[in-house]
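See below for the structure under consideration.
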Amino acid sequence: ADPPLREAKLSKVDILLNGEAVGPLSFVCHTPNAQAEARVVCKKLQEVLPRQQFVVVIQAKADGKIIASERIRAYRKDVLVKSGKTVGGGDIS
Numbered sequence: 001a002d003p004p005l006r007e008a009k010l011s012k013v014d015i016l017l018n019g020e021a022v023g024p025l026s027f028v029c030h031t032p033n034a035q036a037e038a039r040v041v042c043k044k045l046q047e048v049l050p051r052q053q054f055v056v057v058i059q060a061k062a063d064g065k066i067i068a069s070e071r072i073r074a075y076r077k078d079v080l081v082k083s084g085k086t087v088g089g090g091d092i093s
């Protein structure tokens, strides 16, 4: 009663954080849809993961090529705040 099985072009998409593959985030999808799906996953991770003191690069890799990439920007030091008080900023007169 089951329909016959058909062959399909599939790709395994690996998600990399700072160049290291994260196994649980990998998935298999149809090759033509791989880039679109990878872009969605990278974008979602960019929104969900917290910012760090350094840049975090999120990449999706399929068939040995990077097919999608996002970056989580690093926090910048607030150089005008010293022990809770704002310093600098010039003349206020």
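When we follow my numbering, the leftmost residue of the sequence shown carries the number 1, and every step to the right adds one.
Yeah, the Cβ is synthetic: ideal placement off N, Cα and C, and Gly gets one too.
Handout entry: arginine 71 and valine 57 closer than 7 Å at C-beta
Key = The count along the sequence shown starts at 1 and reaches residue 71 at position 71. The count along the sequence shown starts at 1 and reaches residue 57 at position 57. Cβ distance < 7 Å, so arginine 71 and valine 57 count as in contact.
Problem - Cβ neighbours of alanine 62 in the same chain (closer than 6 Å, five flanking residues each side left out) - result: Counting from one through the sequence shown, the residue named residue 62 turns up at place 62. For alanine 62, where only same-chain residues beyond five positions count, the Cβ hits under 6 Å are Ser11, Val13, Ala34.
Handout entry: Alpha carbon of isoleucine 15 to alpha carbon of glutamine 52, nearest angstrom
Key = Along the sequence shown, read from residue 1 onward, the residue named residue 15 stands at position 15. Along the sequence shown, read from residue 1 onward, the residue named residue 52 stands at position 52. Distance between the alpha carbons of isoleucine 15 and glutamine 52: 19 Å.
Problem - Residues near valine 28 by beta carbon distance below 8 Å, same chain, minus five either side - result: In the sequence shown, the residue the question calls residue 28 occupies position 28. Taken in chain order, the residues that qualify are Leu10, Ser11, Lys12, Val13.
Exercise for the section: Assuming alanine 68 and arginine 39 form a contact by the criterion Cβ under 8 Å, report the distance between their Cβ atoms to the nearest whole angstrom. Expected result: Taking the first residue of the sequence shown as 1, we reach residue 68 at position 68. Taking the first residue of the sequence shown as 1, we reach residue 39 at position 39. So it is a contact: roughly 4 Å between Cβ atoms.
Handout entry: Whole-angstrom distance between phenylalanine 54 and glutamate 20, CA atom to CA atom
Key = Taking the sequence shown and counting its residues from 1, the one referred to as residue 20 is at position 20. Taking the sequence shown and counting its residues from 1, the one referred to as residue 54 is at position 54. Rounded to the nearest angstrom, the two C-alpha atoms are 15 Å apart.
Practice task
Put lysine 44 into one of helix, strand or coil per three-state DSSP.
Solution key: Here residue 44 corresponds to residue number 44 of the sequence shown, with the count starting at 1. Reduced to three states, the DSSP call for lysine 44 is helix.
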